[in-house]
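> So for the sequence shown, the working numbering puts the first residue at 494; every next one is plus one. Dumping the structure here so I can ask a few things about it.
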Amino acid sequence: MEIPRRLIELRRAVEAADDRYRNNRGENATVALAVWSDATAALARGIAAYADETGLPHREVESAVLREARRRTPADRGPSAPR
Numbered sequence: 494m495e496i497p498r499r500l501i502e503l504r505r506a507v508e509a510a511d512d513r514y515r516n517n518r519g520e521n522a523t524v525a526l527a528v529w530s531d532a533t534a535a536l537a538r539g540i541a542a543y544a545d546e547t548g549l550p551h552r553e554v555e556s557a558v559l560r561e562a563r564r565r566t567p568a569d570r571g572p573s574a575p576r
């Protein structure tokens, strides 16, 4: 299944916002939680729209997005990583 890049980027944004939330306290955590909430809502809308567009089950699309977002690209691994 070909997953649109925008959905992968949204999933990574949710993960980054979650990390920021977990590593902050007080007002910074509140801001991070708001960012996480917005990113999660955008991801949910994107997954629903893609599932409707393709006719695939929502859970299947969501799982595929999660797998693709966790997959590391050669640029993510750095120059010394095996290819």
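Glycine is no exception: its CB is placed at the ideal position from the N, C-alpha and C atoms. Since the model is a prediction, treat every value here as computed from it, not as a measurement.
(1) Identify whether residue 502 lies in helix, strand or coil by the three-state DSSP scheme.
(2) Could you check how far apart the C-beta atoms of residue 504 and residue 558 are, in whole angstroms? I think they sit under 8 Å.
(3) How about residue 542 and residue 528: do their beta carbons lie closer than 9 Å?
(4) Go ahead and label residue 525 buried or exposed: buried means 16 or more other beta carbons lie within 10 angstroms of its beta carbon, across all protein chains shown.
(5) Tell me whether the beta-carbon of residue 564 lies closer than 9 Å to the beta-carbon of residue 539.
Reading off the structure:
(1) In the sequence shown, counting from the first residue as 1, residue 502 sits at position 9. Note: residue 502 maps to helix in three-state DSSP.
(2) For the purposes of this step, residue 504 is taken as residue 11 along the sequence shown, with counting starting at 1. For the purposes of this step, residue 558 is taken as residue 65 along the sequence shown, with counting starting at 1. At roughly 5 Å, the Cβ-Cβ gap stays under 8 Å, so residue 504 and residue 558 are in contact.
(3) Mapped onto the sequence shown, residue 542 falls at position 49. Mapped onto the sequence shown, residue 528 falls at position 35. Residue 542 is not a Cβ neighbour of residue 528, given a cutoff of 9 Å.
(4) The residue labelled residue 525 in the question sits at position 32 within the sequence shown. With 16 or more other Cβ atoms from the protein chains shown falling within 10 Å of its own Cβ, residue 525 counts as buried.
(5) Position 71 of the sequence shown holds residue 564. Position 46 of the sequence shown holds residue 539. No, the pair does not count as a contact, with Cβ atoms beyond the cut-off.
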